[in-house]
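Engineer: One structure coming up, written as structure tokens, with questions to follow.
In this note's numbering, the protein residues as written are 244 to 668.
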């Protein structure tokens with residue numbers, strides 16, 4: 244997929260300019276808990292969605308994607324005093340990638356009742372698996388310390404400390420910040436951490452829309468934490484937003500963390516130009532990695548007799564796609580599910596799969612998701628079924644598509660994207 248528009252991801256400078264006030268270094272975790280925390284973090288694993296170490300395309304896991312990094316450790320240190328002062332149910336963790344923040348808070352401070360929101364289903368799975376693994380190592384109570392929640396009032400009601408990994412998208416950050424300011428306790432403090440190279444002063448500005456005070460920690464190991472407090476009274480919720488895409492005649496609905504927001508990304512636009520070439524007999528369709536649901540809804544509108552399953556691991560995407568389908572009158576024929584690249588779909592259940600695969604995992608370049616999507620397409624397509632894929636041409640996915648699905652031909656190419664048609668064996 245292409246990157247979101249500049250409104251969503253502004254240019255990233257080498258280093259953000261911190262606010263005028265810079266915090267002093269955080270107090271360390273109490274010594275009696277440090278040993279347990281060190282044991283926990285040393286044992287965390289970056290669980291892949293696959294069973295075993297082998298990747299679907301024969302490669303290995305991306306070594307840049309780690310289970311715990313300097314930002315996780317800095318967040319736990321910066322928030323240590325605040326976490327230690329909370330009571331059960333007063334801590335919320337947002338977008339913990341593999342469990343370092345949630346389990347670290349539980350083990351280091353004996354916390355219970357931690358409420359967790361992770362937009363990515365794979366992160367939820369990794370947290371659960373790391374919690375079970377920690378329990379097997381006799382670490383104190385990580386499995387019972389937390390519960391999963393969607394982004395909303397139930398997640399944040401009465402929260403006094405919120406710890407989050409900064410998202411790359413300003414829209415996603417704004418959505419979280421507004422929810423915290425609206426629903427958390429009046430004395431809530433937000434600790435938002437990220438890698439310095441991915442942070443911008445625009446993140447400070449987005450937090451300042453919802454909080455009266457935003458300050459930065461000292462940088463450590465190329466990470467920094469923004470600390471926000473003083474929620475502004477009467478903060479409203481920007482998302483979901485709805486935009487009418489005139490060239491498609493569609494109303495597109497988007498929540499903050501949905502890829503590309505309510506706009507039409509360039510790859511999807513190019514693939515849409517080939518929908519008329521999809522087999523006229525196709526009745527059961529799948530949109531893998533559906534985002535806001537534009538492909539799924541467009542196919543359902545073009546084929547009144549078709550049923551479409553749209554899948555995505557992002558909670559924001561699933562909510563957006565459901566709302567988009569409803570807004571465009573095809574909610575009865577577009578079923579949206581949150582799963583990991585179509586893992587819930589039955590074998591040989593589809594006539595056509597539409598796919599605009601991502602090439603990022605968080606901030607890291609990664610084609611793992613694309614290869615796993617191709618494998619899913621090969622599994623769910625009936626013999627003779629079609630996979631239509633759009634991708635950045637430099638990625639040269641055609642050999643992988645041949646292996647995973649079947650004979651693959653180029654249907655179209657422009658200066659940036661390639662569209663292919665693969666026929667299932």
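Built from N, CA and C at the ideal position, the CB exists for glycine as well.
Where do the ends of the beta strand (DSSP E) carrying residue 665 lie?
Structural biologist: Here the beta strand (DSSP E) through residue 665 covers 660 to 666.
Engineer: At what residues does the beta strand (DSSP E) containing residue 635 begin and finish?
Structural biologist: Unbroken beta strand (DSSP E) run through residue 635: 624 to 635.
Engineer: CB-CB under 6 Å to residue 632, same chain, minus the five flanking residues each way: which ones, in chain order?
Structural biologist: Hits under 6 Å: 598, 663.
Engineer: Leaving out five residues on either side along the sequence, give the residues of the same chain with a beta carbon under 6 Å from the beta carbon of residue 299.
Structural biologist: Per-residue confidence for residue 299 stands at a pLDDT of 35, beneath the threshold of 50, marking its modelled position as unreliable; the derived number appears in the next sentence. Result list for residue 299: 614, 615, 618, in chain order.
Engineer: Looking only at its own chain, which residues have a Cβ that is under 6 Å from the Cβ of residue 562, when we skip the five neighbours before and after it?
Structural biologist: 498.
Engineer: Can you find the residues in the same chain that come closer than 8 Å, C-beta to C-beta, to residue 400, ignoring five residues on each side of it along the sequence?
Structural biologist: 426, 427, listed in sequence order.
Engineer: Report the CB separation of residue 279 from residue 350 in whole angstroms; it is logged as a contact under 8 Å.
Structural biologist: About 5 Å; that satisfies the 8 Å criterion.
Engineer: Is residue 304 helix, strand or coil by DSSP?
Structural biologist: Residue confidence is low: residue 304 scores 43 on pLDDT, short of 50, so the model does not pin down where it sits. No coordinate-derived value is stated.
Engineer: Along the chain, which unbroken stretches of the alpha helix (DSSP H) at least 4 residues long are found entirely within the segment 348 to 423?
Structural biologist: Whole alpha helix (DSSP H) segments, 4+ residues: 364 to 379, 396 to 399.
Engineer: Would residue 556 pass as a contact of residue 313 if the rule is Cβ separation under 8 Å?
Structural biologist: Going by C-beta atoms, residue 556 is not nearer than 8 Å to residue 313.
Engineer: At 3 residues or longer, what runs of the beta strand (DSSP E) sit wholly inside the segment 472 to 538?
Structural biologist: Counting only runs of 3 or more, we get 484 to 488, 493 to 497, 527 to 531.
Engineer: Start and end of the alpha helix (DSSP H) containing residue 558?
Structural biologist: From DSSP, the alpha helix (DSSP H) with residue 558 extends over 558 to 570.
Engineer: What is the DSSP secondary structure of residue 288, counted as helix, strand or coil?
Structural biologist: Looking at residue 288 - three-state DSSP - the assignment turns out to be coil, as it is neither helix nor strand.
Engineer: What residue from 442, 594, 659 has the CA that sits closest to residue 630's CA?
Structural biologist: The candidate whose alpha carbon is nearest that of residue 630 is 594.
Engineer: Determine the DSSP secondary structure at residue 346, reduced to helix, strand or coil.
Structural biologist: Helix.
Engineer: Does the beta carbon of residue 348 sit closer than 8 Å to a beta carbon anywhere in chain C?
Structural biologist: Although the question refers to chain C, the structure presented lacks it and comprises just one protein chain.
Engineer: Does the count of Cβ pairs from the segment 449 to 467 and the segment 359 to 378 closer than 8 Å reach three?
Structural biologist: The answer is no - the segment 359 to 378 does not touch the segment 449 to 467, with fewer than three Cβ pairs under 8 Å.
Engineer: Answer yes if the segment 374 to 385 comes into contact with the segment 412 to 420, meaning at least three C-beta pairs across the two stretches below 8 Å, and no otherwise.
Structural biologist: Cβ pair count under 8 Å is below three, so no.
Engineer: Thinking residue 321 and residue 376 are a contact (beta carbons under 8 Å), I'd like their distance in whole angstroms, please.
Structural biologist: About 26 Å; that fails the 8 Å criterion.
Engineer: How many whole angstroms separate the CB atoms of residue 504 and residue 466, which I take to be in contact at a CB cut-off of 8 Å?
Structural biologist: Between residue 466 and residue 504 the Cβ distance is about 27 Å, and since that is not below 8 Å, they are no contact.
Engineer: Residue 650: buried (16+ other C-beta within 10 angstroms of its C-beta) or exposed?
Structural biologist: Burial call: exposed.
Engineer: Go ahead and pull the three-state DSSP assignment for residue 333.
Structural biologist: In the structure shown, residue 333 sits in coil (DSSP, three-state: anything other than H, G, I, E or B).
Engineer: To which residues does DSSP link residue 597 through a beta bridge?
Structural biologist: Answer is 530, 631, bridged to residue 597.
Engineer: Measure the C-alpha to C-alpha separation of residue 432 and residue 590 and round it to an integer number of angstroms.
Structural biologist: Those two C-alpha atoms are separated by around 47 Å.
Engineer: Give me the residue from 550, 568, 407 with the minimum Cα distance to residue 537.
Structural biologist: Residue 568 is the option with its Cα nearest to residue 537.
Engineer: In terms of residue numbering, what span does the alpha helix (DSSP H) encompassing residue 327 cover?
Structural biologist: Looking at the DSSP string, the run of the alpha helix (DSSP H) that includes residue 327 is 323 to 327.
Engineer: Are three or more beta carbon pairs between the segment 503 to 523 and the segment 640 to 650 nearer than 8 Å?
Structural biologist: At 8 Å Cβ cutoff, the stretches do not touch.
Engineer: By a C-beta neighbour count over all protein chains shown, 10 Å radius and 16 as the cutoff for buried, is residue 477 buried or exposed?
Structural biologist: Classification of residue 477: exposed, given that the 10 Å Cβ count is below 16.
Engineer: Assuming residue 488 and residue 539 are in contact, meaning their beta carbons sit under 8 Å apart, how far apart are those beta carbons, in whole angstroms?
Structural biologist: With 8 Å as the limit, residue 488 and residue 539 do not qualify as a contact, their Cβ atoms being about 14 Å apart.
Engineer: Which residues does DSSP pair with residue 550 in a beta bridge?
Structural biologist: Per DSSP, 527.
Engineer: Taking the alpha carbon of residue 282 as the point to measure from, which residue in 327, 379, 602 has its own alpha carbon closest?
Structural biologist: Answer by Cα proximity: 379.
Engineer: Around the Cβ of residue 315, are there at least 16 other Cβ atoms within 10 angstroms (buried) or fewer (exposed)?
Structural biologist: Classification for residue 315: buried.
Engineer: Which one or two residues does DSSP pair with residue 621 in a beta bridge?
Structural biologist: Partner(s): none; residue 621 has no beta bridge.
Engineer: From 311, 345, 518, 517, pick the residue whose C-alpha is nearest to that of residue 323; which is it?
Structural biologist: Here the closest residue by C-alpha is 345.
Engineer: Within 10 Å of its beta-carbon, does residue 627 have 16 or more other beta-carbons around it, so buried, or fewer, so exposed?
Structural biologist: So residue 627 ends up on the exposed side.
Engineer: Less than 7 Å between the CB of residue 622 and some heavy atom of the ligand ATP, yes or no?
Structural biologist: As for the ligand ATP, it is missing from this structure, which has no ligand bound.
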